[in-house]
Structure formats: structure tokens, C-alpha cells
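Residue numbers (the numbering used here): 21 to 246.
Shown next as C-alpha cells:
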């Protein structure tokens, strides 16, 4: 049922998302995975459900979970939703995301890469400060181990650095960014494909060797990386 929830239309979607939200509040792992898997589609009812859940499943509420209904897998995917990279329509809740990954980092090593990304998002230090460099090194290590999310983050960092430096005459940097994105795009990662298309749209005629990717290539199952 969860897997097909967002295939419905009209009022049915709202009812299904409401039901899904209640199951998520109860700590249902299948429900949180269904929510995570479909967030990129940005259905209004789904985004509304996530916004409401963010008001309920906070770091404070997670700490109050004496019954341990929020298991490791649940915390991982709720943390990934709260990071906000699946949709610009979702408000980043870095405090809750950080709390989720901090609680599971000893059981889920790649949570260290998620914490490194959060640190970079929260940082007000110079780009090349020791702490920021350490966080980027952690992301590089995990990207080298095949972590697609870390590759996408590194691609975004490189591209935004390119924009900040305004190197419009340097077509090589965007190509290096695209090379970082190629593996996750080839596997159908929705965040990678959308970011790829944003780069192509931004670069326009300077990207003669690359073209937009259809979202029909998206494979939602690739999001389940735990």
C-alpha cells in the first residue's frame, strides 16, 4: 500500500498521506521509507505531511522516546528527510537531522558523512578552515567507498564554489562536477539527476558534451542506502 500511495489522485492522496503520517509518528519503518522514497515527487499533500511531522518528531521528542519506537533505520531515514536535499520545498531541520545521525553513528558508520555535511551547512567559518576541510575530507573518504550521497554533496560544493568565484570562462570545472555526478545519475538517484539538469540549464551552450537527463531514469530504490 505504501509503495503505491502517491500514485493516487485528488482527495485520496491527502487521506493516504494523513494515514502515512500517523504511521510515521508511531515509528513505522515502512512508512518512513515510503515517505523518503517519494519526497522528490513534491506532491503538495506529501510536503504538507512532512512539514507537520517536522513539528512533531524533533530532537526533543526523539529523546523522550522511552519505548524506543524510533529504531536505527527510522532515525536514519528521518534524518535524511530533515537534511532537506530531496526537495527545496522542505525546510531543512538540521538540528533534528544532526540528532538522528549522532544517535546512530556508532551503529551506522556512514552517518559520519551525514554529520560532516550538516556541519558544513551550519558552518560560518571560512571555507578553508580546519573544521570545514576535515568535513570535506570525510565526505571524500565516503565518496571513495561508493557512498552516492557524499558524491552528490561534493559535486554541489564544487559547483557552488565555481559560482562564487565566477569563473564563467572555465568550462572544465562544471565538467568535473558532472563527472562526480555520473555514478549516482547512472544509478537513477533523483537528487543527482535533478542537480545534473540544473547544471545543464545554468551552463547552457558551454556544455556541448552533456545533455539533460529525463526523470524517467529515476530509480527510487537507490535511495535506500542503509
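We treat Cβ as the ideally placed atom computed from N, Cα and C, and that holds for glycine.
> Does the distance from the C-beta atom of residue 216 to that of residue 232 stay below 9 Å?
Replying inline: As a position in the chain shown, residue 216 is number 196, starting the count at 1. As a position in the chain shown, residue 232 is number 212, starting the count at 1. The answer is yes: Cβ separation under 9 Å.
>> Could you tell me which whole beta strand (DSSP E) segments of length 3 or greater appear in the region 64-121?
In response: none
>> If I measure Cβ to Cβ from residue 214 and keep anything under 8 Å in the same chain, skipping five residues before and after, which residues do I get?
In response: On the chain shown, residue 214 is found 194 positions in, with the first residue counted as 1. So the list reads 60 and 235, once near-sequence residues are dropped.
>> Once the 5 residues before and after residue 67 are set aside, which same chain residues still bring their CB inside 6 Å of it?
In response: Residue mapping note: residue 67 aligns to position 47 of the chain shown, counting from 1. Correct list, in chain order: 109.
> Nearest to residue 49 by alpha carbon, out of 113, 97, 173 and 145?
Replying inline: Position 29 of the chain shown holds residue 49. Nearest C-alpha to residue 49: 97.
> Which residue comes first and which comes last in the alpha helix (DSSP H) that contains residue 237?
Replying inline: For this step, residue 237 is matched to residue 217 along the chain shown. No residue range can be given for residue 237, since it is assigned to no alpha helix (DSSP H) and is classified by DSSP as neither H nor E.
> Would DSSP call residue 178 helix, strand or coil?
Replying inline: The sequence position of residue 178 within the chain shown is 158, counting from 1. Helix.
> Do you know offhand how far residue 146's Cα is from residue 55's?
Replying inline: The residue labelled residue 146 in the question sits at position 126 within the chain shown. The residue labelled residue 55 in the question sits at position 35 within the chain shown. Roughly 36 Å separates the two Cα atoms.
> Once you ignore the five residues that flank residue 52 on each side, which residues in its own chain have a CB closer than 7 Å to its CB?
Replying inline: Within the chain shown, residue 52 is the residue found at index 32, counting from 1. These residues qualify, in order along the chain: 44, 94, 97 and 98.
>> For residue 204, tell me which candidate among 120, 244 and 135 has the shortest Cα-Cα distance.
In response: Residue 204 sits at position 184 when you count from the first residue of the chain shown. Residue 244 is the option with its Cα nearest to residue 204.
> Does DSSP classify residue 157 as helix, strand or coil?
Replying inline: Residue numbering aside, residue 157 sits at position 137 when the chain shown is read from its first letter. Three-state result, residue 157: helix.
>> With a threshold of 8 Å on Cβ separation, who are the neighbours of residue 111 within its own chain once the five nearest residues in sequence on each side are excluded?
In response: To locate residue 111, count along the chain shown from 1; it is residue 91. Closer than 8 Å at the Cβ level, and outside the excluded window around residue 111, lie 71, 74 and 104.
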